[in-house]
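Participant: All letters in the sequence shown, in the order written, are residues 1 to 595 by UniProt numbering. In this text, a Cβ means the ideal position worked out from N, Cα and C, and glycines have one as well. Following this message is one structure expressed as structure tokens.
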Amino acid sequence: MQYTLYYACNADAYQIKYSPDISFDACCLATDGYHVFPLAKPLPLGIVHAIQTRLTKNGSNKITSWAKGLWQKIVAVDKGLDYNRVKGLTDKILTRMRLQEHRLSAGTEPVPVWSGRWPVWDSQALEILLKTITGRILQKAEIERSLAENGINNFTGLDLGLHYLYLQGKIDILPGVGYTGAGELQCFRCGSKTGVVPAACARCNRACYYCEDCIMLGAARFCEPLYRGGVEQTIPETYAAEPVLRCRGLSAAQEMAAARLEGFIKDKFRQICLVEAVCGAGKTEVAFRGIAQALKEEARVLYAAPRRDVITELYPRFVEAFPGVTITALYGGSPTKYGEAAITLATTHQLMRFAGKFDIVFLDEADAYPYRENSVLRGVLQRALKEGSKIIYITATPDPFLYRQVRDRHATKILLPARYHGYRLPVPEILKSYIIRNGQMDPVLVDWLFERGIRRQAKVFIFVPHVSDTLVVYDILRQYFADDKCACAVHAADPERDRKKLAFQKGPVPFLVTTTIMERGITVPNAHVLVLWADNERIFTEGALIQMAGRAGRTVDYPAGDVLYAAATVSEPMEAAIKKIIGTNSLAEQRGLLR
1 MQYTLYYACN
11 ADAYQIKYSP
21 DISFDACCLA
31 TDGYHVFPLA
41 KPLPLGIVHA
51 IQTRLTKNGS
61 NKITSWAKGL
71 WQKIVAVDKG
81 LDYNRVKGLT
91 DKILTRMRLQ
101 EHRLSAGTEP
111 VPVWSGRWPV
121 WDSQALEILL
131 KTITGRILQK
141 AEIERSLAEN
151 GINNFTGLDL
161 GLHYLYLQGK
171 IDILPGVGYT
181 GAGELQCFRC
191 GSKTGVVPAA
201 CARCNRACYY
211 CEDCIMLGAA
221 RFCEPLYRGG
231 VEQTIPETYA
241 AEPVLRCRGL
251 SAAQEMAAAR
261 LEGFIKDKFR
271 QICLVEAVCG
281 AGKTEVAFRG
291 IAQALKEEAR
301 VLYAAPRRDV
311 ITELYPRFVE
321 AFPGVTITAL
331 YGGSPTKYGE
341 AAITLATTHQ
351 LMRFAGKFDI
361 VFLDEADAYP
371 YRENSVLRGV
381 LQRALKEGSK
391 IIYITATPDP
401 FLYRQVRDRH
411 ATKILLPARY
421 HGYRLPVPEI
431 LKSYIIRNGQ
441 MDPVLVDWLF
451 ERGIRRQAKV
461 FIFVPHVSDT
471 LVVYDILRQY
481 FADDKCACAV
491 HAADPERDRK
501 KLAFQKGPVP
511 FLVTTTIMER
521 GITVPNAHVL
531 VLWADNERIF
541 TEGALIQMAG
551 RAGRTVDYPA
561 GDVLYAAATV
571 SEPMEAAIKK
581 IIGTNSLAEQ
591 RGLLR
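What follows is the structure, encoded as structure tokens:
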């Protein structure tokens with residue numbers, strides 16, 4: 001899409017904006033006495049936005065390679081600047097960008113007002129459109145889907161309506177990919193710089209770019225707009241609803257943690273909280289109490305997690321816990337994406353569509369892949385917050401960053417060292433084993449699996465480091481137990497992941513062979529855990545090993561479970577994970593939280 005950069009002025013003020021149809025802008029601005037003058041020929045939005053930014057924003061501490069020497073003049077732009085001067089600056093920038101052919105000839109006359117057919121908008125239609133974008137950053141196609149989800153399938157003059165809101169200063173129009181103040185290319189949806197790659201483009205017929213890091217949401221392009229709404233201000237009626245928690249009674253440890261979390265929500269000064277809760281502690285029920293307090297404070301709540309499985313597992317529990325409160329779940333493949341809700345559950349990737357939306361964020365499993373060490377996802381999470389918002393990190397295995405936040409007193413820490421049922425965490429055992437040799441599994445492992453999965457009729461998680469390992473182990477299990485339905489093998493890219501997970505969780509399948517994708521966010525009664533090749537330190541970190549061990553003994557009916565780390569050697573993460581679990585049990589016992 002081509003945009004024209006223009007200068008508009010009246011007796012008191014000036015504006016520098018851009019438009020796909022400059023005569024429409026001339027018509028809208030004429031009511032305030034503005035005359036509109038083009039500054040360059042039509043160009044891709046990424047270029048026009050870069051020039052407009054440099055003409056209007058004070059960036060003297062960010063000298064770019066192609067604007068060097070012009071910057072002091074550019075930042076001198078102020079109220080009352082005449083058209084000839086701003087056109088001269090524009091021409092110099094175009095020259096530096098090797099876009100001389102897009103300079104305008106001298107003596108340009110004001111643009112005549114628009115002669116097209118004006119869409120018939122009522123105030124309600126524009127209000128609905130604005131509400132659709134408020135707190136979000138969306139492409140036009142996503143805005144259309146959002147309107148459709150709210151029962152509006154044909155919004156008359158959508159392109160012009162969006163541009164009209166831009167002229168009123170209610171939304172921003174940004175290129176999907178554009179230039180930063182330092183002249184670097186960056187995705188304006190996810191914030192990535194390394195993911196931006198060049199591409200041939202039939203839309204702008206010149207050098208173009210798109211972002212690979214958020215391609216799963218639809219291509220963010222150099223020549224196509226993103227529409228960013230203002231910060232969310234209005235509070236839905238459901239925020240005032242008094243939630244009725246329909247979960248079991250809390251344990252003493254949960255009660256103490258929940259009371260401290262409520263106090264943190266009420267505190268007007270503290271903004272960061274770490275809830276360190278052991279696997280199976282019932283942290284979700286503790287979070288419910290915090291969310292209930294947030295709703296009383298009329299806050300818009302986000303509960304985010306890096307992995308889709310966590311969101312799909314939690315959604316029905318939230319619906320049960322908060323009857324009458326609007327709740328939406330956003331993940332890859334979710335049926336809805338844009339509905340308004342008092343509580344939003346979302347994977348961290350889905351947060352790329354939000355900007356200034358939420359008052360309080362609960363981030364579950366903050367140390368999990370792909371959020372862990374991902375600067376793009378950390379950036380979009382921060383962008384989704386309103387200024388002064390609160391964020392609560394919930395995890396059994398905090399990373400060093402969170403511990404530093406607590407150490408430096410930037411964050412409040414709430415510790416939940418015992419499971420809700422009061423039994424000890426299962427302590428893993430180590431088996432030194434070759435695991436598989438010449439297509440045969442170590443007989444000790446076969447006996448271990450047979451005893452638990454067949455004789456005891458329990459469930460066994462079998463964690464492996466690589467996707468290829470899932471099929472190898474799966475085939476061996478079918479041979480040993482002479483049953484094609486004795487096991488399922490899953491990984492992140494498996495299209496039947498949900499079906500297999502359910503067959504294991506609630507069906508007759510005793511063994512689930514899986515990568516670390518199932519290390520979190522799943523509770524299966526009467527479960528045991530086997531980790532094969534547990535000495536693979538790159539995959540099986542201390543935190544991952546603790547999380548996997550945490551799948552065993554999670555329910556009050558089956559509070560014990562066996563955990564076995566099988567490997568040729570004993571790695572440091574294996575030893576550290578066992579030491580951490582033993583230490584946590586000791587702490588819970590010292591505090592009188594165990595049976």
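If you count every other CB in all the chains shown that lies within 10 Å of the CB of residue 216, and 16 or more means buried, which is it?
Facilitator: Within the sequence shown, numbered from 1, the residue matching residue 216 stands at position 216. Classification for residue 216: exposed.
Participant: Quick one: residues in its chain with C-beta nearer than 6 Å to the C-beta of residue 399, no 5 flanking neighbours on either side, listed in chain order?
Facilitator: Position 399 of the sequence shown, counted from the first residue, corresponds to residue 399. Counting only Cβ-Cβ distances below 6 Å, and skipping sequence neighbours, we find 367.
Participant: Is DSSP giving residue 501 helix, strand or coil here?
Facilitator: Stepping through the sequence shown from its first residue, residue 501 is reached at position 501. Reduced to three states, the DSSP call for residue 501 is helix.
Participant: Once the 5 residues before and after residue 503 are set aside, which same chain residues still bring their CB inside 7 Å of it?
Facilitator: Counting from one through the sequence shown, the residue named residue 503 turns up at place 503. Closer than 7 Å at the Cβ level, and outside the excluded window around residue 503, lie 488, 509.
Participant: Determine the direct distance from the alpha carbon of residue 137 to that of residue 448, and round the result to whole angstroms.
Facilitator: Locating residue 448 in the sequence shown gives position 448, counting from the first residue. Locating residue 137 in the sequence shown gives position 137, counting from the first residue. The alpha-carbon atoms of residue 448 and residue 137 are separated by roughly 52 Å.
Participant: Going by DSSP, which residues form a beta bridge with residue 364?
Facilitator: The residue given as residue 364 occupies position 364 in the sequence shown. Per DSSP, 394.
Participant: Bridge partners for residue 608 per DSSP, in chain order?
Facilitator: Any answer about residue 608 is impossible in this case: the structure gives the chain only from 1 up to 595.
Participant: Alpha carbon to alpha carbon, what distance is there between residue 272 and residue 200?
Facilitator: Residue mapping note: residue 200 aligns to position 200 of the sequence shown, counting from 1. Residue mapping note: residue 272 aligns to position 272 of the sequence shown, counting from 1. Each residue's Cα considered, the two are about 44 Å apart.
Participant: With burial defined as no fewer than 16 other Cβ atoms inside 10 Å of the residue's Cβ, what is the status of residue 255: buried or exposed?
Facilitator: Residue 255 sits at position 255 when you count from the first residue of the sequence shown. Classification of residue 255: exposed, given that the 10 Å Cβ count is below 16.
Participant: What number of angstroms, rounded off, separates the C-alpha of residue 348 from the C-alpha of residue 382?
Facilitator: Indexing the sequence shown from 1 puts residue 348 at position 348. Indexing the sequence shown from 1 puts residue 382 at position 382. Approximately 11 Å between the Cα atoms of the pair.
Participant: Excluding the five sequence neighbours on either side, which residues of its own chain have a C-beta within less than 6 Å of the C-beta of residue 360, listed in chain order?
Facilitator: Here residue 360 refers to the residue found at position 360 of the sequence shown. For residue 360, where only same-chain residues beyond five positions count, the Cβ hits under 6 Å are 294, 299, 301, 390.
Participant: Classify residue 178 as helix, strand or coil using the three-state DSSP reduction.
Facilitator: Residue 178 sits at position 178 when you count from the first residue of the sequence shown. Strand, per DSSP.
Participant: On the DSSP bridge assignment, give the partners of residue 172 in chain order.
Facilitator: On the sequence shown, residue 172 is found 172 positions in, with the first residue counted as 1. Paired residue(s): 228.
Participant: How many Å lie between residue 484 and residue 511 at the Cα?
Facilitator: One-based indexing of the sequence shown puts residue 484 at position 484. One-based indexing of the sequence shown puts residue 511 at position 511. One C-alpha to the other measures close to 11 Å.
Participant: Considering only DSSP beta bridges, list what residue 441 is partnered with.
Facilitator: Taking the first residue of the sequence shown as 1, we reach residue 441 at position 441. DSSP lists 436 as partners of residue 441.
Participant: Alpha carbons only, please: which of 261, 501, 188 is nearest the one belonging to residue 354?
Facilitator: For the purposes of this step, residue 354 is taken as residue 354 along the sequence shown, with counting starting at 1. Comparing Cα-Cα distances from residue 354 to each of 261, 501, 188, the minimum goes to 188.
Participant: For residue 592, count neighbouring C-beta atoms within 10 Å of its own C-beta (all shown protein chains included) and say buried if the count is 16 or more, exposed if not.
Facilitator: Stepping through the sequence shown from its first residue, residue 592 is reached at position 592. Exposed, because fewer than 16 other Cβ atoms sit within 10 Å of the Cβ of residue 592.
Participant: What does a CB cutoff of less than 6 Å around residue 559 pick up in its chain, not counting 5 residues either side in sequence?
Facilitator: Taking the first residue of the sequence shown as position 1, residue 559 is located at position 559. Cβ neighbours of residue 559 beyond the five flanking positions: 421, 423, 553.
Participant: If you follow the alpha helix (DSSP H) that residue 140 is part of, which residue opens it and which one closes it?
Facilitator: Within the sequence shown, the letter at position 140 stands for residue 140. Counting along the chain, the alpha helix (DSSP H) containing residue 140 begins and ends at 140 to 149.
Participant: Taking only the alpha-carbon atoms, compute the straight-line gap between residue 93 and residue 51 and give it to the nearest angstrom.
Facilitator: One-based indexing of the sequence shown puts residue 93 at position 93. One-based indexing of the sequence shown puts residue 51 at position 51. Approximately 7 Å, taken between the alpha carbons.
Participant: Whose CA, out of 309, 258, 396, lies closest to the CA of residue 492?
Facilitator: On the sequence shown, residue 492 is found 492 positions in, with the first residue counted as 1. Residue 492 has its Cα closest to that of 309, out of 309, 258, 396.
Participant: Taking DSSP as the reference, what is the three-state secondary structure of residue 253?
Facilitator: Along the sequence shown, one-based indexing puts residue 253 at 253. Here residue 253 sits in helix by DSSP.
Participant: With a threshold of 16 other CB atoms inside 10 Å of the CB of residue 195, please say whether the residue is buried or exposed.
Facilitator: Position 195 of the sequence shown, counted from the first residue, corresponds to residue 195. The residue is buried, with at least 16 neighbouring Cβ atoms inside 10 Å.
Participant: Excluding the 5 residues preceding and the 5 following residue 443 in the sequence, name in chain order all residues of the same chain whose CB lies nearer than 6 Å to its CB.
Facilitator: The residue labelled residue 443 in the question sits at position 443 within the sequence shown. So no residue of the chain qualifies.
Participant: Could you pull out every residue in the same chain whose Cβ sits closer than 8 Å to the Cβ of residue 44, ignoring the five residues on either side in sequence?
Facilitator: As a working mapping, residue 44 is identified with position 44 in the sequence shown. 1, 2, 3, 175, 204, 206, 208, 222, 223, listed in sequence order.
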